[in-house]
Amino acid sequence: MQKPHRLVLDRMTGYADEAAAYLRRRRLTRKPFARVYTEGGGGATHASDTDQGRALFLAAARLIDTAR
Amino acid sequence: MPANPKKRVRSTASRAGASAAASRFASLSAEMRGCAIFDPEKLLAASGDGEGWLDAGRALLEAADGAASEPATHAHVATEDGEAFALRLGDLAMVAVTERFVLASLVFADMRAALREAAREAPAPAASAA
Numbered sequence: 001m002q003k004p005h006r007l008v009l010d011r012m013t014g015y016a017d018e019a020a021a022y023l024r025r026r027r028l029t030r031k032p033f034a035r036v037y038t039e040g041g042g043g044a045t046h047a048s049d050t051d052q053g054r055a056l057f058l059a060a061a062r063l064i065d066t067a068r
Numbered sequence: 069m070p071a072n073p074k075k076r077v078r079s080t081a082s083r084a085g086a087s088a089a090a091s092r093f094a095s096l097s098a099e100m101r102g103c104a105i106f107d108p109e110k111l112l113a114a115s116g117d118g119e120g121w122l123d124a125g126r127a128l129l130e131a132a133d134g135a136a137s138e139p140a141t142h143a144h145v146a147t148e149d150g151e152a153f154a155l156r157l158g159d160l161a162m163v164a165v166t167e168r169f170v171l172a173s174l175v176f177a178d179m180r181a182a183l184r185e186a187a188r189e190a191p192a193p194a195a196s197a198a
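Line by line, the protein sequences give chains D and W. Here the first sequence is numbered in this note's numbering, starting from 1 and rising by one per residue. Here the second sequence is numbered in this note's numbering, starting from 69 and rising by one per residue.
Structure representation (structure tokens):
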């Protein structure tokens, strides 16, 4: 039987590994997106090939350029 | 920029209060590239020399309003070059630019706190003469 502290250490290492893998997957799979939220708590994602999405991406690009 | 009448917090914030709030917000994370706070009339605080922030920030909020059927409360656009955030609280608005892959909920929480701080530090309206 493992010593109790070893068990806790293994469990913590497992959590950290899972978190690292989650972040890796997130970085690899996440694509650009635009989300707008309104008063009722609702949110909508706008694709870049729509008029609204294009306007959002253009405005965001301008803001990002301003921050350079 | 249309104000949101349902969430009117305070109509004004002082430049000093907004500047302190923006500085504090910008110092919270190394992933923060810059931010700006403005009201319907003017820029109250911004990173760097402040040039361009007002127009660019308003443009993002207008694009967000145009994308929604009602005035947007907040918006998040993630691009390959970085991430742009916009938040409206009463008459005040704030925009921020961060590195990629930040946690959006944390950024919005910090932005809300910064706007509340900016509004709180605004001078109280002068009492009417008796």
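Every residue, glycine too, gets a C-beta built ideally from N, C-alpha and C. Since we're looking at a predicted model, the values are computed, not measured.
If residue i and residue j are in contact, beta carbons under 8 Å, what's the gap, nearest whole angstrom?
| i | j | result |
| --- | --- | --- |
| residue 151 of chain W | residue 145 of chain W | 7 Å |
| residue 81 of chain W | residue 187 of chain W | 5 Å |
| residue 89 of chain W | residue 172 of chain W | Not quite, the Cβ-Cβ distance comes to about 20 Å (not below 8 Å), so this is no contact. |
| residue 135 of chain W | residue 56 of chain D | 6 Å |
| residue 83 of chain W | residue 112 of chain W | 5 Å |
| residue 142 of chain W | residue 154 of chain W | 6 Å |
| residue 128 of chain D | residue 44 of chain D | Absent from the structure is residue 128 of chain D, since the part of chain D shown begins at 1 and ends at 68. |
From which residue to which residue does the alpha helix (DSSP H) around residue i run?
| i | result |
| --- | --- |
| residue 175 of chain W | 172-188 |
| residue 5 of chain D | 4-29 |
| residue 57 of chain D | 51-66 |
Considering just the uninterrupted stretch of the beta strand (DSSP E) at residue i, what are its terminal residues?
| i | result |
| --- | --- |
| residue 43 of chain D | 43-45 |
Could you check what DSSP says for residue i in three-state terms: helix, strand or coil?
| i | result |
| --- | --- |
| residue 83 of chain W | helix |
| residue 33 of chain D | strand |
| residue 89 of chain W | helix |
| residue 48 of chain D | coil |
| residue 98 of chain W | coil |
| residue 169 of chain W | coil |
| residue 105 of chain W | strand |
| residue 40 of chain D | coil |
Buried or exposed: residue i, going by 16 or more other Cβ atoms within 10 Å of its Cβ?
| i | result |
| --- | --- |
| residue 95 of chain W | exposed |
| residue 169 of chain W | exposed |
| residue 50 of chain D | exposed |
| residue 8 of chain D | exposed |
| residue 156 of chain W | buried |
| residue 46 of chain D | buried |
| residue 5 of chain D | exposed |
| residue 23 of chain D | exposed |
| residue 102 of chain W | buried |
| residue 116 of chain W | exposed |
Counting only runs that start and end within the stretch 107-167 of chain W, where is the beta strand (DSSP E) found for 3 or more residues in a row?
111-114, 140-146, 151-157, 160-166
According to a CB-to-CB cut-off of less than 7 Å, which residues of the stretch 80-106 of chain W neighbour chain B?
Looking for chain B here will not work: the only protein chains present are D and W.
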